[in-house]
Each structure stands twice: as structure tokens, then as C-alpha cells.
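Engineer: Numbering (UniProt numbering), first residue to last: 1 to 482. This is the structure I want to talk about, given as C-alpha cells.
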């Protein structure tokens with residue numbers, strides 16, 4: 001549960017002493033350190049608790065936040081209110097799983113077993129992309145006759161948008177039936193869904209419905225629409241939206257600079273990128289990064305390098321995040337030699353080598369046509385760093401490369417590696433694996449059964465591919481169309 005609304009002024013002033021105590025404590029001794037804090041004569045106050053939780057969550061220290069809440073509740077150190085129970089449930093779900101969070105509900109006094117508590121559980125089911133548990137919680141909200149809110153419906157739309165797009169319509173119909181008014185976030189979700197499905201007319205219909213309901217598209221929505229126009233080849237419409245964004249937001253919102261840099265790069269407008277960048281007179285690090293990425297997308301390597309050097313001059317020490325951004329530019333532009341030299345420079349500058357660097361190097365190798373080297377590099381990096389694991393995207397990038405080559409053996413091997421690692425909230429990428437069989441023109445025996453065993457529902461494209469592959473003769477293979 002987000003407590004930031006209570007803290008906008010307070011958390012900026014100072015970091016509370018109690019927070020520092022929790023932060024400095026070893027993860028195995030949080031309880032004993034807090035007990036000592038009480039023994040020293042300190043008293044726990046609600047505002048201080050909110051500040052501690054705010055800072056811990058901000059730094060993604062969810063385990064310590066969980067221990068802190070456990071300590072408070074077990075010691076009866078605070079009279080819990082609605083949001084406290086919801087916060088505790090959220091931390092249980094994040095740290096020990098959805099099932100433990102469900103069991104926690106039985107410990108909550110009945111007056112507080114309300115829609116806020118169940119929606120918090122629903123959010124965590126959606127975060128984990130667990131469609132079965134999310135649907136169970138959503139049904140439970142209705143079975144218990146709790147108020148069905150737009151935020152709960154939005155969570156289901158968000159989930160279905162990711163894993164079962166055909167079910168989004170069911171939630172929208174339910175909202176109409178229950179007279180639940182869409183929120184701005186509802187419209188954003190629908191626009192995003194239709195845009196990703198290349199349904200540009202659907203995007204425009206939703207925009208009109210949004211405006212008719214008195215909801216004006218905000219900066220994020222307009223940026224999203226511009227990107228969909230660009231990807232759909234509707235360049236003139238995209239230009240009109242981008243011009244509108246620039247006129248409306250450029251003066252007041254710093255992040256408008258970053259979005260405009262990306263949008264003008266996507267429109268292949270180097271002069272506009274240069275103009276916007278020149279207007280950014282006091283750039284932050286993320287502004288520099290946006291400019292580097294924009295120049296990289298345009299293939300303007302010299303300008304990207306100049307911007308990177310300017311960023312180095314603007315700060316004493318850069319984190320690996322910013323070095324990796326420049327390395328990605330070399331990867332996207334297939335500049336192997338420059339990429340290798342830059343990695344040497346990173347080492348010389350004392351920049352740590354981690355999963356994001358590995359990811360950039362995998363892309364560098366793959367984009368340069370050296371897929372086997374990318375695979376070997378990633379395997380070596382994993383073996384040499386057993387306490388760290390590559391990003392999910394690194395494995396997907398390699399799997400896609402093997403699939404494009406029609407290399408079924410290595411695609412299956414990469415697929416097995418991904419399954420064994422079990423990234424949270426990620427289902428096995430069967431659609432990508434199937435592309436290997438499509439490109440090799442080989443029948444994948446028992447493919448649907450494999451998907452069902454892993455709880456993965458076949459999407460329309462998978463069924464179309466399987467239907468085609470099922471018709472292949474034993475001997476010669478016809479050419480795929482489209």
C-alpha cells in the first residue's frame with residue numbers, strides 16, 4: 001500500500017532516526033535491533049512508521065520493510081488501521097508469496113477485511129501475472145459483496161492485457177453493467193492494448209470516448225498515441241501529436257524533453273533532436289541518457305559519443321547504468337570494435353560489470369551475427385558469477401536469434417535455461433520457441449500439451465503457426481506466406 005500521499009512534505013526534510021536504525025541493521029538482526037531501540041526509551045509514533053516504510057519501499061528494501069511490520073504487529077506497538085493491514089499484506093505477498101498473504105487475511109479483524117485489503121492482494125497477483133489467483137480474488141471480492149471499484153477492474157485489464165487479451169472485453173462489459181465509470185488509467189490501458197494490437201482506429205475511437213467523458217489525454221497518453229502512430233506509419237498524425245506535446249509540456253515538464261528526443265528520433269528527425277537538446281540548458285543525467293539513446297537510434301554515433309563525454313564532465317562519477325546506455329548504442333548499431341574498446345574503458349574507469357552490461361554485450365554479439373559467441377559469453381558470465389543472474393531479456397534475445405535462424409536444438413536449450421531459472425511473473429516463452437520450428441519448417445510434436453503442462457494459454461498466432469505446421473508433408477515443405 002502506498003503511503004507517499006501522507007509524506008510529501010515530511011520525507012523531503014530529513015531521514016528519520018528510526019529509518020537509519022533499520023537501514024543499518026543486518027537483515028538477520030532487525031528484530032533485536034528494534035527491540036533495543038525500544039529498550040533505550042524510544043517510543044513508536046505513527047508518522048515515524050510511515051516514514052520508515054516510505055524510505056524502505058523507495059529503496060526496494062521490501063524484506064526489511066516486512067520485518068519491520070512483523071515486529072510492529074507482533075509486539076502490538078501500534079493500533080492498526082485499514083492501510084496498515086493492507087501494507088502488511090502487501091509486504092507478505094512480496095516476500096513470502098500470495099498464499100501466505102491469503103492466510104494473513106484470516107488474522108485481520110473482520111471490520112478491516114474490506115475491498116482495500118482484497119485489492120492489495122489482487123495487485124500482487126497481477127504483479128506475479130498469476131491469472132488463476134487473480135481471478136479467484138476478483139471473484140471473492142464480488143462473492144463477499146464488497147464494493148467493486150474501478151481500480152480493481154483496472155488491475156484485471158492490466159493482467160489480461162499481458163496474458164489474455166480476449167478477456168479485456170469481459171471486464172469492460174462488467175464495468176458498463178455495474179455502472180463503473182472508467183478512470184484515466186482505464187483509458188490508457190485500452191489505448192495501449194489497441195495500439196500494441198496495431199488497431200489504430202481503435203486507439204482513435206477510445207481517444208474520442210475519453211474526451212467525450214470529459215477526460216483530456218495527459219502527457220503520457222499523448223506520448224503513447226504518438227508512438228503508435230509512428231509504428232503504424234501514420235507519420236503526419238504522429239507529427240501533429242508531437243507538436244502538440246511540445247507546445248503544451250515543453251516549458252513545464254522536464255521529462256517532456258526526454259520523450260520529445262525519443263519521438264523525434266523515431267521520426268528520423270536529427271535536426272529536431274539537435275534543436276530540443278539545445279533547449280535543455282541544464283540537463284540532468286537522465287536527459288543526457290535520452291539524448292544518447294536518440295542519437296544512437298538515428299545512427300549518429302559521433303553525436304552520441306560527444307553527449308556521453310559531456311555527461312562525464314558534468315558529474316564526478318557515473319554508475320554502470322550510464323555506461324551501459326552508451327554500450328547499447330554500439331550494440332544497436334553493430335559496432336563490435338567500438339563496443340569492445342568501450343568495455344575495456346569501463347573496466348579502466350572502475351565501472352562494475354553486471355547483468356545490464358552482459359545484456360548489452362549479448363546484443364552486441366547477436367547484432368553482429370555472432371550468436372554462438374553471445375551464448376558462450378552469457379554462459380561463462382553466469383558460471384563466474386553464481387550469485388547473480390542475467391536479465392530475462394538477455395535470454396529472450398538469444399532465443400529470438402536462434403528462432404530466427406531456425407536452430408531448433410539451441411532454441412530448445414535456451415528455452416530450458418529460461419524455464420530452469422524461473423523468473424518471477426514470467427511464463428515460458430512458447431511463442432518465441434515456436435518461431436524456431438516455423439523457420440526450420442519442422443513439426444513440433446506435443447507442443448500444445450507442453451504449453452498446457454506449464455499453464456500457458458496459446459495465443460492466436462501460436463494456433464495459426466501450429467495449424468500451418470500440422471499440414472506440412474513428411475517430405476518437401478511449402479513456403480510460408482507472410
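Positions of the beta carbon are idealized from the N, C-alpha and C atoms, including for glycine.
Figure out for me which residue from 420, 411, 133, 427 has the closest Cα to the Cα of residue 439.
Structural biologist: Of the listed residues, the one whose Cα sits closest to residue 439 is 411.
Engineer: Tell me, to the nearest whole angstrom, how far the beta carbon of residue 27 is from that of residue 63; I am working on the premise that it is less than 8 Å.
Structural biologist: About 6 Å; that satisfies the 8 Å criterion.
Engineer: Please classify residue 368: does DSSP put it in a helix, a strand, or coil?
Structural biologist: Coil at residue 368, not helix or strand.
Engineer: Return the first residue and the last residue of the alpha helix (DSSP H) that residue 445 is part of.
Structural biologist: Looking at the DSSP string, residue 445 is not in any alpha helix (DSSP H), and its letter there is neither H nor E.
Engineer: Check for me: the alpha helix (DSSP H) holding residue 185 runs from which residue to which?
Structural biologist: Residues 184-196.
Engineer: Looking only at its chain, what residues have a beta carbon closer than 7 Å to the beta carbon of residue 122, apart from the 5 residues adjacent to it on each side?
Structural biologist: Contacts found: 134, 137, 138, 152, 155.
Engineer: Which of the three DSSP states, helix, strand or coil, is assigned to residue 452?
Structural biologist: Correct three-state label for residue 452: helix.
Engineer: Under 6 Å Cβ to Cβ from residue 16, same chain only, skipping five residues before and after it: list those, please.
Structural biologist: Unreliable positioning characterises residue 16 in this predicted model, as indicated by a pLDDT of 47, which lies under 50. A coordinate reading is not provided.
Engineer: Using only alpha-carbon positions, find the residue among 160, 128, 181, 129 that is nearest to residue 148.
Structural biologist: Residue 148 has its Cα closest to that of 181, out of 160, 128, 181, 129.
Engineer: Does the segment 360-374 touch the segment 397-406, meaning 3 or more C-beta pairs lie closer than 8 Å?
Structural biologist: At 8 Å Cβ cutoff, the stretches touch.
Engineer: Smallest Cα separation from residue 129: which of 426, 244, 446, 21?
Structural biologist: The candidate whose alpha carbon is nearest that of residue 129 is 426.
Engineer: Leaving out the 5 sequence neighbours to the left and right, which residues in its chain are closer than 7 Å to residue 406 when beta-carbon positions are compared?
Structural biologist: Same-chain partners within the cutoff: 436, 439, 440.
Engineer: How many Å lie between residue 460 and residue 192 at the Cα?
Structural biologist: C-alpha separation (whole angstroms): 19 Å.
Engineer: If we require 4 or more residues per run, which alpha helix (DSSP H) segments fall completely within the segment 27-54?
Structural biologist: Qualifying alpha helix (DSSP H) stretches, in chain order: 30-39.
Engineer: Nearest CA to the CA of residue 200: which residue from 340, 234, 144?
Structural biologist: Comparing Cα positions, the closest option is 234.
Engineer: Measure the Cβ-Cβ separation of residue 126 and residue 68 and say whether it is below 8 Å.
Structural biologist: Result no, Cβ atoms of residue 126 and residue 68 do not sit closer than 8 Å.
Engineer: Please work out which residues of its chain come closer than 6 Å, Cβ to Cβ, to residue 480, disregarding the five sequence neighbours upstream and downstream, and give them in chain order.
Structural biologist: Note on residue 480: pLDDT 42, under 50, position unreliable in the model; no value is reported.
Engineer: From the DSSP output, in three-state form, read off residue 80 for me.
Structural biologist: Of the three classes helix, strand and coil, the one that applies to residue 80 here is coil, per DSSP.
Engineer: Taking all protein chains shown into account, do 16 or more other C-beta atoms lie within 10 angstroms of the C-beta of residue 483, making it buried, or fewer, making it exposed?
Structural biologist: Nothing about residue 483 can be read from this structure; the chain reaches only from 1 to 482.
Engineer: Could you spell out the range, first to last residue, of the alpha helix (DSSP H) harbouring residue 207?
Structural biologist: First-last of the alpha helix (DSSP H) with residue 207: 200-212.
Engineer: Less than 8 Å between the C-beta atoms of residue 124 and residue 98, yes or no?
Structural biologist: Yes. Within cutoff.
Engineer: For residue 124, which of helix, strand or coil comes out of DSSP?
Structural biologist: Of the three classes helix, strand and coil, the one that applies to residue 124 here is helix, per DSSP.
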